[in-house]
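Structure, as structure tokens:
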Amino acid sequence: MLQEEENREQDLTVIEGPGAYIRYICFNVTTDPYTDVRVREAVAAAIDRSKICDVVFMGTHGPLYSMVPMGMWSHIDAFKD
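142 is the number of the first residue of the sequence shown in the numbering used here; add one for each residue after it.
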């Protein structure tokens, strides 16, 4: 309560932007069937990233298509298509 009152008295600016929140699924690529890059690509294509974001994160995060989240300086859409 005291902190809230103190914050109201200050001239504060709140800035929102993308964060570096990353969750991912890993496969042991030295064991079958994941030694085959085509299997890994098929699994990656089959995962509904948008659905995971909507259900697990209640729409507060967007899907990742690379290890660097969108908005970060080195982000690229590695395999979005």
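Virtual Cβ for every residue (Gly too), placed ideally from N, Cα, C.
message: Taking the beta carbon of L205 as the centre, do at least 16 other beta carbons fall within 10 Å, making it buried, or is it exposed?
response: Residue burial annotation: L205 is buried, with at least 16 other C-beta atoms found within 10 angstroms of its C-beta.
- request: Identify whether S215 lies in helix, strand or coil by the three-state DSSP scheme.
  value: Here DSSP, grouped into helix, strand and coil, assigns S215 to coil.
- request: Just the C-alpha distance for S207 and I217, rounded to the nearest angstrom, thanks.
  value: 7 angstroms
- prompt: Cα separation between V170 and E157?
  reply: Taking the straight line from one Cα to the other gives about 37 angstroms.
query: With C-beta atoms as the reference, is I166 less than 9 angstroms away from I188?
result: yes
- request: Please say whether R181 and F168 have beta carbons closer to each other than 9 angstroms?
  value: yes
Segment limits, alpha helix (DSSP H) that includes V170: Neither: V170 is in no alpha helix (DSSP H) and is coded neither H nor E.
Close beta carbons around S215, own chain, < 6 angstroms, minus the five adjacent residues each side: V209
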